[in-house]
Structure formats: structure tokens, C-alpha cells
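Q:
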Amino acid sequence: MTATSERITVSMSEGVADVRLVRVDKMNALDAPMFNALVDTAERLRTEKGLRAVVLSGEGRAFCAGLDMGRFAAMNDGTSDLRDLAKRTHGLANHSQQAVWGWRQLPVPVIAAVHGVAFGGGFQLAIGADMRFLAPDTRMSVTEIKWGLVPDMAGTPILARLVRDDILRDLAFTGRIFSAQEAMSYGLATRICDDPRTEALAAAREIAGKNPDAIRGIKRMLNGLGGDPGPALLAESVEQMKVMGTPNQIEAVRANIEKRAPKFADGSN
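Numbering of the sequence shown is given in the UniProt record's numbering, commencing with residue 1 and proceeding in unit increments.
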């Protein structure tokens, strides 16, 4: 399989799919075409014959900088799309969640090779992989609170299995940026390596040399641990709809765009 789009390229070699985000000029930020490309690529790979493992990486300066700034500008001027996020369009998930959850659903291991930044939705995309290989200078953040939002791309049920509850709350409440070394200490990094993509491809080729039936069985077993993720995915959407487009959320966006401290009213929801 070889596929190229304006957002993602895919090449296959010896059972390994090399998937690259290629919106280099925007640090692979998530706009509508990128969301669609992530969902469509994961769906196509699910039925790809001979697939044994996947490496997911970003071209240019970053893995993924998060949501495209144009979407935040739309929130600021009141033109944002406030669709029904609670509608399940892909099994347990809505469309934006599926951009992350789709990689969790792949029957083969997925390794994210992360460099530069992985912020907000980009961070959630990274943790949607089975493993994460980080460059030493990688920076990560659960950035949504900066914009007055909640993380809503399948990050919460995944994070709840990866980190301690208090760490999850710290990262989600503050939106602070943390290093690759901190990510390793929290359980969010599998390896720290100078060339994460090269190491990820090597690890993927090693996995591709194992019994594919056993590898797929292991992923099914591990995905089945921890109970039903459905309620957590729905809760993300419900809570996001409660805050999206409200005065306090718009104030968070305006304050960031205008580079000033926000002035929030008392919470009401």
C-alpha cells in the first residue's frame, strides 16, 4: 500500500506501514482535512492485507502542534461549528475522537515517533498509539484548558490507564508543558531516543517478524483490559458541549489571542 494526500502519506514495506503527517508548514496542526485523513487512513489500514505494525510520525519541526489556530479564531468570532459532539459516528466514538481511537482499534501495534511538540489533540494522537518513542527535547501538553475546553479526542480513557489519577488531574487542570523525561516518569513515554522514527521503524520491523496471530491476540487482550471505554468517550463529548461557545470559553480564546490574562465569570455548569 502506498497512499499520498495533502495531509498524510503512507508507505508499506515488509508488513510495516510508515504513516507520516505532512502538513509541515503548520507543524501538522489538526484542521478538518487532517482529521479526515487520520480517520480514513486508520480505516483503510484495518483491512490492509499483510499489515504487521504501524509507525506514526510527523514531518518537519513537530509531531503535531494540536488544533489548528483557525478553529480557535472561529471560536473567538462566534463562527465555530457547535455540532452535536455526543452523536456517535464511529461505534463508541465521534469523528474527532476516531482520529485518535481509530489507531487504538487497529488490530496491529502502532508506535508513535514523537519529536518537537505534541500539544492538545496532537498529544492525544500520540497516546492513541500502543507505544511512544520520544526525542529527548520533545515537549507535551494537555493544552485544551488553555482554550477553556476539555480534552475530548479519546484522551481521558487512555490517560486513565497510563498515569496516576493525580498526575492526570494535574496535567488536565493546568495544561502545563512537560518534557520527554517527565513523560517517561509519568508512564507516557516508552523510550527516549535521539532518532525516534528510526528506532520506531526498527521496533516495528522486529514486531513484524513475530507470529502475526499472536501479536493481534495480544493487542485484543490488552485492549480488553480496564472495562468499557464507551461511557468515558461519551462523557468527553457531553462535557465539551457544555463549555464550547460559552462566554468563559470564548474569553479564554480571546485572552490567548490577545496575549492577556483572562477575566472569567464564576463557573455555572
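Each residue gets a CB set at the ideal place from its N, CA and C atoms; glycine is no exception. None of these values were measured; they are calculated from a predicted model.
(1) Quick check on G122: does DSSP put it in helix, strand or coil?
(2) Taking the beta strand (DSSP E) that S11 belongs to, which residues open and close that run?
(3) What does a CB cutoff of less than 6 Å around T143 pick up in its chain, not counting 5 residues either side in sequence?
(4) From F264 to Q98, what does the alpha carbon distance come to, in whole angstroms?
(5) Take R191 as the anchor and find which of G224, E236, R216, V114 has the nearest alpha-carbon.
(6) Under a three-way DSSP split, which group does R23 fall into?
(7) Measuring alpha carbon to alpha carbon, tell me which residue in R197, T89, M69 is nearest L21.
(8) I need the boundaries of the beta strand (DSSP E) containing I111, first residue and last residue.
(9) Can you list, in chain order, the residues of its chain whose CB lies under 6 Å from that of A232, leaving out five sequence neighbours each side?
(10) Tell me L67's beta-bridge partners as DSSP assigns them.
(11) Looking at the structure shown, is L51 part of a helix, part of a strand, or coil, going by DSSP?
(12) Rounded to whole angstroms, how far is the Cβ of S237 from the Cβ of F178, which I believe are closer than 8 Å?
(13) Going by beta carbon distance, what residues of the same chain come within less than 8 Å of residue 349, once the five residues before and after it are set aside?
(14) Do you know offhand how far G227's Cα is from R161's?
(15) Check whether the Cβ atoms of G148 and A17 sit closer than 7 Å, and answer yes or no.
(16) Which ranges would you report for the beta strand (DSSP E) in the segment 136-201 if only whole runs of at least 3 residues count?
(17) Are the CB atoms of E199 and F133 nearer to each other than 7 Å?
(18) Cα-Cα, which of R164, V54, K146 is closest to P107?
(19) In the structure shown, what three-state DSSP assignment does D40 receive?
(20) What are the uninterrupted segments assigned as alpha helix (DSSP H) that are 4 or more residues long and contained completely in the segment 206-258, given in chain order?
A: According to the data block:
(1) For the purposes of this step, residue 122 is identified with residue 122 of the sequence shown, where counting begins at 1. If DSSP states are grouped into helix, strand and coil, G122 belongs with the helices.
(2) Residue mapping note: residue 11 aligns to position 11 of the sequence shown, counting from 1. Run containing S11: 8-13, per the beta strand (DSSP E) assignment.
(3) Within the sequence shown, numbered from 1, the residue matching residue 143 stands at position 143. Close CB contacts of T143 within its chain, under the 6 Å cut and outside five residues either way in sequence, are with G66, F119, G120, G175 (chain order).
(4) Here residue 264 corresponds to residue number 264 of the sequence shown, with the count starting at 1. Here residue 98 corresponds to residue number 98 of the sequence shown, with the count starting at 1. Taking the straight line from one Cα to the other gives about 32 Å.
(5) Residue numbering aside, residue 191 sits at position 191 when the sequence shown is read from its first letter. Of the listed residues, the one whose Cα sits closest to R191 is V114.
(6) Residue mapping note: residue 23 aligns to position 23 of the sequence shown, counting from 1. R23: coil per DSSP, three-state reduction.
(7) As a first step, residue 21 is located in the sequence shown; it is residue number 21 there, counting from the start. Per the Cα distances, R197.
(8) Looking up residue 111 in the sequence shown gives position 111. Residue range 110-114 is occupied by the beta strand (DSSP E) that includes I111.
(9) Position 232 of the sequence shown, counted from the first residue, corresponds to residue 232. Cβ within range, chain order: T156, P157.
(10) Taking the sequence shown and counting its residues from 1, the one referred to as residue 67 is at position 67. Its beta-bridge partners are L30.
(11) Position 51 of the sequence shown, counting from 1, holds the residue named residue 51. Residue state, collapsed to three classes: coil.
(12) Locating residue 237 in the sequence shown gives position 237, counting from the first residue. Locating residue 178 in the sequence shown gives position 178, counting from the first residue. With a Cβ gap of about 26 Å, S237 and F178 do not count as contacting.
(13) There is no way to answer for residue 349, as the model of the chain reaches only from 1 to 269.
(14) By 1-based counting over the sequence shown, the position of residue 227 is 227. By 1-based counting over the sequence shown, the position of residue 161 is 161. Whole-angstrom Cα-Cα distance: 11 Å.
(15) For this step, residue 148 is matched to residue 148 along the sequence shown. For this step, residue 17 is matched to residue 17 along the sequence shown. Against a cut-off of 7 Å, the Cβ pair of A17 and G148 comes out as no contact.
(16) 139-141
(17) In the sequence shown, counting from the first residue as 1, residue 199 sits at position 199. In the sequence shown, counting from the first residue as 1, residue 133 sits at position 133. In this structure, F133 lies closer than 7 Å to E199 by Cβ.
(18) Walking along the sequence shown from the start, residue 107 turns up at place 107. Closest in C-alpha terms to P107, from the list R164, V54, K146, comes V54.
(19) Within the sequence shown, numbered from 1, the residue matching residue 40 stands at position 40. In this structure, D40 counts as helix in the three-state DSSP scheme.
(20) List check, alpha helix (DSSP H) in window: 212-224, 230-243, 247-258.
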